[in-house]
Structure formats: structure tokens, C-alpha cells
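Below: the structure, in C-alpha cells.
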Amino acid sequence: RSLKIGLIPADGIGKEVIPAARQAIEALGSDIPKPEFIDLLAGWEVFTKTGVALPDETVDILRNECDCALFGSVSSPSRKVVGYSSPIVALRKKLDLYANIRPVVSVAPEVGQQPSVDLIVVRENTECLYVKQETQTEGEKGKEARATRVITEYASRRIGQMAFELANARPRKHLTIIHKSNVLSITDGLFRETVRAVPTLPAVAGKYDGVTIAEQLVDSAVYRLFREPEVFDVMVAPNLYGDIISDAAAALVGSLGLIPSINAGDNFVMGEPVHGSAPDIEGKGIANPLASIRSAALMLRHLGYVKGADRLDNAVDAVIRDGRILTPDLKGTSTTDEVLQAVLKQL
Ligand code: NAI
Ligand code: MG
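Following the UniProt record's numbering, the numbering of the sequence shown begins with 15 at its first residue and continues without gaps.
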């Protein structure tokens, strides 16, 4: 049997870091089924050429032929472009990848990582403001823009279940619910109450008794992340808060270029570095490939290939601890390829 992996580098440094992840996977040999890679298109560049940011073919092949996928990053414009919509946001919805799981771990204080950071951000991936229902009208005082924010019991419950499951499997078994119910008492209130009620669901009765539950307003959660990151173990959040909190947590360990994620559903998993397409360093060959390699590890772990995942993680950790071959985001002077070679050597 082979492992069919869809590769969607998309734009910017995605094209530099996803090929690195591919090579790292290939180096695992018999620890995983023989990988077969299928190159797939999505992103801003393909949109500018064809008018389509997420070709149907990409979605069909992911659905029908792939066991899993790795996504790079897209260069979504900050202005409204008719016909364009972020393909990663669309893919998460189309494949029902409802959980975005983002571990942030400090492995080497000696390279400036804040010690005692060992947390997972569990971000709801299908709703909140990312339903992208925006309108603009002319009001009495000029232009008025509105965005709809959707929070459902269904989506909050399943992300809550995922978060309890992850917390229960960790030594500290501690879950913090991130919200802003003091202001948004209906939407965030529903999220908070639904997640809190997960342990009482008949299907999981008693299962999460060992998990302690805390909650924190999103703004003070960012503050506490910087002051005392050790209070957090698993953090569960609606889509936008989860996006922001995970970038903030990335700063504690030195770089966004280290933080992996998976987009997970009940039937499919897609690894994806948390960072974007980094236009400021695109094409220079200095993007940090470690987030993508760790994303490959997370993806493999999710599929049950623990040995292969451990080997990738250990190799990445060893390169960071060694500290001599790092990209400039970690104050090193090495290139993407040199870091990849260092990882391959560890493997
Ligand atoms: P960004 O994550 O691309 O970059 C933020 C900063 O981190 C930049 O200084 C960049 O050089 C640095 N950085 C990020 N990844 C790095 C890596 N692997 N190695 C070294 N340095 C790294 O965020 P930004 O600048 O806000 O967004 C740029 C573009 O990326 C936008 O078009 C945005 O829409 C898109 N984006 C796409 C995402 C995705 O595909 N899932 C996620 C976030 C942003
Ligand atoms: Mg983000």
C-alpha cells in the first residue's frame, strides 16, 4: 500500500517550504507506507492566470484519490477582488476540516525560546467571521460595512469534543476556553456554554472527568500568554480568536516559521504551516521550512504513523537545539535548503 499525499504549495514561500517537507517525508523510508505525491493547484497565482483560486480538480483529487494533504500558503490580497476568495478557507469548509490544531512548544531556550511553552491551540475552522458574509451599504453617515459572525452549537460541540479529547491525552489535562462573552454574550456565550457542556454529553459520560476546565477572555488570554504561558495547556477558541492567539503564541518560541498545524475532519487531514506566504522574504531561499516539516509530522501522527512522526519531530527539535543551522527568522544565517539538509542528516 502507498500513502497518497496531495501537495498544494500555493503561493509565496509555500513553494519553498512544501518541497522541503516532501523531501523530509521521503527520507522516512519504511517507517510509513511508500509516499506518492500528487501536485495540486490553488492560490492567488493560479487565480491571476485562470480566474479560479481553487480549481474543482484540486478538490476532486483530494476527496477521491488522496489519503491526506499538505498545504503551503496563499497570498490573499487585502482588498476585495471580484471572483477571488481564499482557497484555504474554502478547502477547510469543502472537506469539512473543522478543527485546526496548532501545537506551540519550546524545545530550546538557548535559541531564545521562552521556556515552559507547551500548548495546543484548537481553533474552530468552519464558521465565526470566516463565513465571509460581508456587505457594504450607503448609510446616513456614509458607507457602512457589516460582517456576519456565525457560531453554532453543532460546530462548537464538535470542536469542544476534539479539544477535550486532546486535553485528556496530555499529562496536564487542562483546557482553557477562549471567548469574549462579556461583550458578545449570545455568540461567544453559545460557544462557551456548548464547550463547557461537552463532558456531560451521554456519549462521553465520565470520559473527561480528569480534565480541568478554565476560561479566559481573549484579550487577557494574549496578555497571559506573554506573562505566564505555562498556565495554558490546551486552548480552544472560535475561528478568529484561534487565528490570532496562535500567531501570538508563535512569538514566544521565536518564529511563525516553527509552528505547524493540521486541519482535521472526521475523514481527512491536511497539514499546513501556520504562517502565510511571507512576501517580504519570498524568493530569497531563506524561509524556515521547519513549520512545514512539523506539519507533515502532525499529519502523519494524526493518521497513526507515530514512528515516522516522532522521527520528523525529533530531527527538527535536534536542529533547533543545535542552533548552528537556522534561518534568519531565528537569528541564523542559513538557507531553507541548508536547514532541510540538517534535518535530513538527523533523519
Ligand atoms: P506571514 O505569516 O506571511 O508573515 C509574517 C511575518 O513572519 C513576515 O515577516 C514573514 O517574513 C515571517 N515569516 C512567516 N513565515 C515564515 C517562515 N516560514 N520563515 C521565515 N519567516 C517567516 O503573514 P502576513 O505577512 O500577515 O501575510 C502575508 C500573506 O499571507 C497575506 O497575503 C495573507 O493573506 C497570507 N496568509 C495566508 C495564510 C494561509 O495560507 N493559511 C495564513 C496567513 C496569511
Ligand atoms: Mg493566521
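Note that the Cβ used here is the ideal one computed from N, Cα and C, for glycine as well. Keep in mind it's a predicted model, so treat the numbers as computed, not measured.
Contact under 9 Å by Cβ, residue i with residue j
i	j	result
Ala264	Val288	yes
Ala67	Ile22	no
Val131	Pro243	yes
Thr201	Ala169	no
Trp58	Ser89	yes
Ser309	Glu286	yes
Val333	Ala356	yes
Ile192	Ala235	yes
Tyr112	Gly297	no
Ile307	Pro342	no
Ile227	Leu198	no
Gly20	Leu54	yes
Spatially closest choice to residue i from the options, by CA coordinates
i	options	result
Ala217	Ala24, Val131, Lys157 and Glu179	Glu179
Ile46	Gly28, Arg315, Gly26 and Val121	Arg315
Asp233	Leu254, Ala24, Asp223 and Val225	Leu254
Arg210	Leu143, Glu79, Met249 and Leu17	Met249
Tyr144	Gln127, Glu158, Ile134 and Arg163	Arg163
Asp74	Pro185, Leu105, Glu152 and Asp327	Leu105
Pro303	Glu167, Arg206 and Asp327	Asp327
Val121	Gly290, Gly337, Phe85 and Asp343	Gly337
Simplified DSSP assignment, three categories, for residue i
i	result
Leu109	coil
Asp53	strand
Leu180	helix
Val283	strand
His316	helix
Pro101	helix
Ala83	strand
Gly156	strand
residue 375	Residue 375 lies beyond the residue range present for the chain, which begins at 15 and ends at 361; the question has no answer from this structure.
Leu68	coil
Spatial distance of residue i from residue j (CA atoms)
i	j	result
Gly97	Gln150	17 Å
Phe240	Ala83	33 Å
Phe246	Tyr237	12 Å
Gln360	Val353	11 Å
Glu30	Thr214	46 Å
Arg335	Ala305	15 Å
Pro117	Ile173	15 Å
Asp351	Thr72	28 Å
Cys80	Val283	10 Å
Lys63	Gly26	15 Å
Arg100	Ser44	In the sequence as presented, Arg is not what sits at residue 100; that position holds Ser. In a straight line, the C-alpha of Ser100 is about 36 Å away from that of Ser44.
Gln147	Asn196	24 Å
Glu154	Val95	26 Å
Lys18	Tyr319	14 Å
Lys321	Gly220	31 Å
Beta carbon nearer than 7 Å to a non-hydrogen atom of ligand 2: Asp257, Ser260, Asp261, Val288 and Gly290
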